Each structure stands twice: as structure tokens, then as C-alpha cells.
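Colleague:
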Amino acid sequence: MGVTFNDVDDGDDLGETHEINVTPFIDVILVLLIIFMVAAPLSTVDLPVDLPSSTATPTKKPDKPTYVTIKSDLAVAIGETPVKRVDLVNALDAAGEGKKDRRIFLRADRAVSYGNMMDVLEILRAGGYLKVALVALEGVPDSAGTAIPAADAKPQ
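Going by this note's numbering, the sequence shown opens with residue 177, and the numbers climb by one from there.
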């Protein structure tokens, strides 16, 4: 509420100022902020998700990719060579001349539990391999939004 007193008597007791009063605007913004802060945690939904298929566009693979595979019996292999979990980092070091900045492609069977896959990821992280890509089959989304594996599915 701005009021200007002029010395010139033009018949109007109080003159208008053309400034915006921002106090109501700030009040509205604060109320909206509180509403969003309360509503944001309620918008998360926990649903069981089947993750083996993906509709993401495949990325370009290096000329000689390094695949670490977790089989359904929880055996680990580098490429086609079976490796014990305790020897995984040493075998990767030997296969890649000790280059820890290269990308490792991790493939896991559908029957492998999330905890077992995280154990292998933790071994890789502790060994210094921080660039790990998860491999899935290409799929086409159905009308419900879930991925259906394509007939000619290829690893990404």
C-alpha cells in the first residue's frame, strides 16, 4: 500500500503509486511450497518390477567389450572363462592390462537375486572398476508399458 503526498493540490487528497505489493504473492508461494513438500513423499509408489528386458536404445560398445556374467547357479565368468568371485578383480586386471577406467558389462541371469548381483557389483567397486554397465535384452513395449522381449533380442 503505497501513498504519495504531493504539494500540488489537484483536488485528490491522496495520489496513487504504481508499485506491486509482493506480500500476498510471497504468501501464496509459501503455501504452495508447503503443499508440494507434503505431497512429494506421497507420490512415490513401490511396485514389483520385472527388469530383465529394456526398450532403451543400445549404446555403442567398444571393440573388445569385457563381459562379466553371473549364471543362474551364481557362478561368475569373464567372457566365457569361469572365475571364482575372490579372483574376479585379479582376472579383470590380467585381462585388461590393469586399466580400471574401462567399461565392464555385467550380465545376470533372470534367476539371480538382486542381492547376489549387488555382491558382484560391490566386488567390482572395491577392485576399482567404477564404470559398470548392466546388460539387458532389447524389447518392445506393449500397451501396458512393460517390455516384451523381441524375437531377435540382442544384448545391449
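Don't be surprised by glycine CBs; every beta carbon is placed ideally from N, CA and C.
Note that the structure is a prediction, hence the values are computed from the model and not measured.
What residues are listed by DSSP as bridge partners for Tyr243?
Modeller: Tyr243 is bridged to Phe281.
Colleague: Go through its chain and collect everything with a Cβ distance to Asp285's Cβ below 6 Å, but skip five positions before and after it.
Modeller: Answer for Asp285: Lys247, Ser248, listed in chain order.
Colleague: Mapping the DSSP letters down to three states, classify Pro258 as helix, strand or coil.
Modeller: In this structure, Pro258 counts as strand in the three-state DSSP scheme.
Colleague: Let me confirm a value: Leu208 is counted as buried when at least 16 other C-beta atoms fall within 10 Å, else exposed. Which label applies?
Modeller: Exposed, because fewer than 16 other Cβ atoms sit within 10 Å of the Cβ of Leu208.
Colleague: Tell me the DSSP secondary structure of Leu272 in three-state form.
Modeller: Before going on, a small fix: residue 272 reads as Gly here, not Leu. Three-state result, Gly272: coil.
Colleague: Does DSSP classify Gly303 as helix, strand or coil?
Modeller: Coil.
Colleague: Taking buried to mean at least 16 other C-beta atoms within 10 Å of its own C-beta, is Tyr290 buried or exposed?
Modeller: So Tyr290 ends up on the exposed side.
Colleague: Grab the span of the beta strand (DSSP E) containing Val308 for me, first residue to last.
Modeller: Taken as a continuous stretch (DSSP letters only), the beta strand (DSSP E) holding Val308 covers 308-310.
Colleague: So what's Val288 in DSSP terms, helix, strand or just coil?
Modeller: If DSSP states are grouped into helix, strand and coil, Val288 belongs with coil.
Colleague: Using DSSP with H/G/I as helix, E/B as strand and the rest coil, what is Val252?
Modeller: If DSSP states are grouped into helix, strand and coil, Val252 belongs with the strands.
Colleague: Going by DSSP in three states, Leu190 sits in which element: helix, strand or coil?
Modeller: Coil, per DSSP.
Colleague: Can you tell me where the alpha helix (DSSP H) holding Asp200 begins and where it ends?
Modeller: Checking the sequence shown, residue 200 turns out to be Pro, not Asp. First-last of the alpha helix (DSSP H) with Pro200: 199-215.
Colleague: Report the option in Glu273, Ala251, Asp269, Phe201 whose CA atom is closest to the CA atom of Val288.
Modeller: Cα-wise, what sits closest to Val288 is Ala251.
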